[in-house]
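When we follow the working numbering, the leftmost residue of the sequence shown carries the number 44, and every step to the right adds one. To start, the structure itself, in structure tokens.
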Amino acid sequence: LGEDSGDYQLQSAYVFAGGTGVDVALYDLRMTGGSSGNQAVQRYRPRALQNKSSVAVSGIDLSRNKRELLISYESDQIYTFPIFPDASAAGPTLMDIESNGTADKKSDKPIPELCSYGGHLNRMTFLKQAKYAGPNDEYICTGSDSGHAWIYEKDSGAVVSFLKADNHTCNGIAPHPSLPYFITYGIDSTAKLWRATVPVDNEVDDSDLGRFKYSREAEYEKSIVLSKWRDARRGRPIDLEDEDVSFLPDEITDDDDDL
């Protein structure tokens, strides 16, 4: 719960934490030690998981306006929560936060979720992150054991993008804070950079199956450069003066007539 001030961000005394189990708690770091211990200011728990102990928190994110909390659970779904349901439109004030940690034990009653988002698989690997995305947090994105990246529209819960992002497991998506770019990562040795855009051609099937069919139907010619490199790797002599071999970077001239 940081607060922007000029060119820097004021550090908050509050932190969200979760682990094995259902609850995520908001703690006041100033209340460590002493007789009060680490008192939770507020707790968050999905209604459907009230008596379920076989889940664990795998990711937490905070909305840009600091009013919503996003929680991803291992072996379950993704949920959004209001940080403080009774806060003003400008967000929770220090008085709102501290009033929830007083002796009346308001924090004993967990806050239920606003929405849930499912369909993805979060069982095989731990710490699958879920993130808000878009300039106004219009989307929610996460990975899946199937290797796909899931992007939901936050208001409707509709799946707006379903991308094959990893050959094994996609562990998460890292969206750019302002531009329509995002990175997916998982078990593969490479992360992948994506750009959100409208379809280039509505007549083209851009699904995994459509791309596979196109690759089977298209005719490819073997690159002359590839064959030369294969000869070189096998120790065979190659003719570097061959005009069909591409120029090396230091051999390229600015004079088009020389090319």
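Glycine residues also receive a C-beta, built at the ideal position from the N, C-alpha and C atoms. Just so you know, these numbers come straight off a predicted model, no measurement behind them.
Check	Outcome
Quick check: the Cα distance between residue 170 and residue 58, rounded to an integer number of angstroms?	18 Å
Following the continuous beta strand (DSSP E) through residue 119, name the residue where it begins and the one where it ends.	Neither: residue 119 is in no beta strand (DSSP E) and is coded neither H nor E.
Please report how far the alpha carbon of residue 196 lies from the alpha carbon of residue 216, in whole angstroms.	15 Å
When burial is assigned at 16 or more other CB atoms within 10 Å of the CB, is residue 179 buried or exposed?	exposed
Under three-state DSSP, which class holds residue 222?	coil
Specify the secondary structure class of residue 274 as computed by DSSP and reduced to three states.	helix
Should the stretch 226-233 be called in touch with the stretch 116-124, which here means at least 3 C-beta pairs below 8 Å?	no
Go through its chain and collect everything with a Cβ distance to residue 71's Cβ below 7 Å, but skip five positions before and after it.	56, 57, 82, 84 and 144
Got a sec, what are the start and stop residues for the beta strand (DSSP E) residue 232 sits in?	Segment: none, residue 232 is in no beta strand (DSSP E) and carries neither H nor E.
For residue 257, does the count of other Cβ atoms within 10 angstroms reach 16, so buried, or fall short, so exposed?	exposed
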